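Have a look at the structure below, then the notes.
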Amino acid sequence: MNLQSELNKSSLFSNLELLANQVVEGFISGIHRSPFHGFSAEFAEHKIYNNGESTKHIDWKLFAKTDKLYTKRYEEETNLRCHMILDNSASMYYPQIDNLSIDSLNKIGFSVLAIAALMNVLKRQRDAVGLSIYSDTYNYYAPEKGSERHFQMLLAQLSAVGMAKNPPKETNTYTYLHQIAENIKRRSLIFLFTDMFQTEKNDDELFEALRHLKYNKHDVVLFHPMDKQRELFFNFENTPKRFVDVETGEHLDLYADNIKEAYNERITAYLSDIKMKCAQYKIKYVDIDIHRDFSTVLNTFLVERNKFL
Numbered sequence: 001m002n003l004q005s006e007l008n009k010s011s012l013f014s015n016l017e018l019l020a021n022q023v024v025e026g027f028i029s030g031i032h033r034s035p036f037h038g039f040s041a042e043f044a045e046h047k048i049y050n051n052g053e054s055t056k057h058i059d060w061k062l063f064a065k066t067d068k069l070y071t072k073r074y075e076e077e078t079n080l081r082c083h084m085i086l087d088n089s090a091s092m093y094y095p096q097i098d099n100l101s102i103d104s105l106n107k108i109g110f111s112v113l114a115i116a117a118l119m120n121v122l123k124r125q126r127d128a129v130g131l132s133i134y135s136d137t138y139n140y141y142a143p144e145k146g147s148e149r150h151f152q153m154l155l156a157q158l159s160a161v162g163m164a165k166n167p168p169k170e171t172n173t174y175t176y177l178h179q180i181a182e183n184i185k186r187r188s189l190i191f192l193f194t195d196m197f198q199t200e201k202n203d204d205e206l207f208e209a210l211r212h213l214k215y216n217k218h219d220v221v222l223f224h225p226m227d228k229q230r231e232l233f234f235n236f237e238n239t240p241k242r243f244v245d246v247e248t249g250e251h252l253d254l255y256a257d258n259i260k261e262a263y264n265e266r267i268t269a270y271l272s273d274i275k276m277k278c279a280q281y282k283i284k285y286v287d288i289d290i291h292r293d294f295s296t297v298l299n300t301f302l303v304e305r306n307k308f309l
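According to full-length UniProt numbering, the sequence shown is numbered sequentially starting from 1.
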């Protein structure tokens with residue numbers, strides 16, 4: 001799946017300038033204004049040195065080549081630092097889709113596209129973005145930066161995830177959310193994309209890991225992608241089927257209609273617990289049905305985010 005190509009098919013991006021003027025400016029501006037000023041580590045361009053200026057940022061290597069004095073200019077510190085967190089476990093690759101596109105997405109496809117879309121918005125606002133990817137290991141970490149090179153590196157990493165054919169089997173959400181929380185030292189906006197399924201810990205411990213993300217007064221948004229027809233309503237043909245857990249390998253042989261009602265009650269109660277804990281910890285919960293129109297979901301979130309602020 002070519003992310004940029006798919007994103008360009010989305011009405012989110014055909015209307016991006018309008019969104020930037022009407023919604024995104026309110027979504028981004030001043031949300032976490034940095035207390036630090038001056039120069040950052042990201043080089044932007046050269047400018048001619050003027051007499052009387054500080055010599056601190058003169059590029060002496062360039063002087064040796066050209067015999068002219070130039071100073072380095074840097075990107076200013078950004079208003080916002082944003083860290084994207086992606087659950088890359090096997091359950092996120094449900095349902096199995098051979099050719100992902102904007103109109104045909106599974107949970108990982110929807111999440112990857114949504115992160116890329118949000119990165120595009122943040123890039124236009126010249127804000128810094130970082131990325132963490134986890135499953136049964138802490139697969140990838142990149143700190144928050146705002147350069148074009150960094151943006152392209154993150155996009156390439158997301159593309160690789162979207163095209164993966166053999167995802168890790170297990171999910172250690174509890175362990176790695178704690179580690180990620182420790183990595184994010186400065187106050188940030190955190191987007192977490194996970195289906196909230198895991199194999200190693202109980203629900204209370206998972207919620208405690210979510211709470212840790214609020215450390216240092218981070219603003220946290222939980223995107224919860226689901227295939228609601230199957231994972232919530234258990235809509236399968238009522239014929240004998242073997243249901244296999246893609247992470248543990250455990251299986252059950254049954255007729256879907258025999259457990260549909262009980263299953264729906266249990267999963268609905270679990271979702272209610274998630275929403276309650278998010279409200280308790282002041283985490284913004286975004287309920288996603290992956291079969292809804294991608295552009296509508298993202299546009300709705302941005303509008304609601306603007307009102308939320």
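All residues carry an ideal CB built from backbone N, CA and C; glycine is no exception. Quick caveat: nothing in here was measured; it's all calculated off a predicted structure.
Worksheet item: Taking the beta strand (DSSP E) that Asp67 falls in, what are its first and last residues?
Response: Careful: Asp67 lies outside any beta strand (DSSP E) and carries neither H nor E.
Worksheet item: According to DSSP, is Ile102 helix, strand or coil?
Response: coil
Worksheet item: For Ala128, which of Leu118, Tyr134, Asp98, Ser135 has the nearest alpha-carbon?
Response: Leu118
Discussion item. On the CB-based measure, 16 or more other CB atoms within 10 Å of its CB, does Lys277 come out buried or exposed?
Written reply: buried
Worksheet item: CB-CB under 7 Å to Phe197, same chain, minus the five flanking residues each way: which ones, in chain order?
Response: Ser91, Thr171
Discussion item. Under DSSP, the alpha helix (DSSP H) around Tyr263 begins and ends at which residues?
Written reply: 256-280
Worksheet entry | Residues that Pro143 bridges to, as DSSP identifies them | None; Pro143 has no bridge partner.
Fill in: Val220 and Lys228 closer than 7 Å at C-beta
no
Worksheet entry | Cutoff 7 Å; reference Tyr281; Cβ partners in own chain excluding five residues on either side | Leu210, Arg211, Lys214
Discussion item. Between the alpha carbons of Glu250 and Arg242, how many angstroms are there, rounded?
Written reply: 10 Å
Worksheet item: How would you write the range of the alpha helix (DSSP H) that Phe191 sits in, first residue to last?
Response: Phe191 -> not in any alpha helix (DSSP H); beta strand (DSSP E) instead, spanning 189-193.
Fill in: Assigned exposure category for Leu158 - 16 Cβ within 10 Å defines buried
buried
Worksheet item: So the alpha helix (DSSP H) Ser159 belongs to, where does it begin and stop?
Response: 148-162
Item to complete: Kindly confirm or deny that the segment 172-192 and the segment 254-266 touch, where touching means at least three C-beta pairs closer than 8 Å.
Response: no
Item to complete: Can you tell me the Cβ-Cβ gap for Ile283 and Leu222, rounded? I've got them flagged as a contact below 8 Å.
Response: 5 Å
Fill in: CB-CB length for Phe110 against Phe301, believed under 8 Å
Not quite, the Cβ-Cβ distance comes to about 12 Å (not below 8 Å), so this is no contact.
Discussion item. At 3 residues or longer, what runs of the beta strand (DSSP E) sit wholly inside the segment 190-247?
Written reply: 219-226, 241-244
Worksheet entry | Spatially closest choice to Lys72 from His57, Leu80, Lys61, by CA coordinates | His57
Fill in: Closest by C-alpha distance to Lys165, when choosing among Gln125, Lys65, Asn88
Asn88
Worksheet item: Which of the three DSSP states, helix, strand or coil, is assigned to Gly130?
Response: strand
Discussion item. As a quick exercise: from Asp273, His218, Ile115, Phe151, pick the residue whose alpha carbon is nearest that of Glu205.
Written reply: Asp273
Discussion item. According to DSSP, simplified to helix, strand and coil, what is Lys185?
Written reply: coil
Discussion item. Please state whether the Cβ-Cβ distance between Leu69 and Tyr49 is less than 7 Å.
Written reply: yes
Worksheet item: How many angstroms separate the CA atom of His178 from the CA atom of Tyr134?
Response: 11 Å
Worksheet item: At a Cβ threshold of 7 Å, is Leu210 touching chain D?
Response: No chain D appears in the structure shown, which is made up of a single protein chain.
Discussion item. Just to check my reading of the structure: Val297 and His224 have Cβ atoms closer than 8 Å, yes? What is that Cβ distance to the nearest angstrom?
Written reply: Not quite, the Cβ-Cβ distance comes to about 12 Å (not below 8 Å), so this is no contact.
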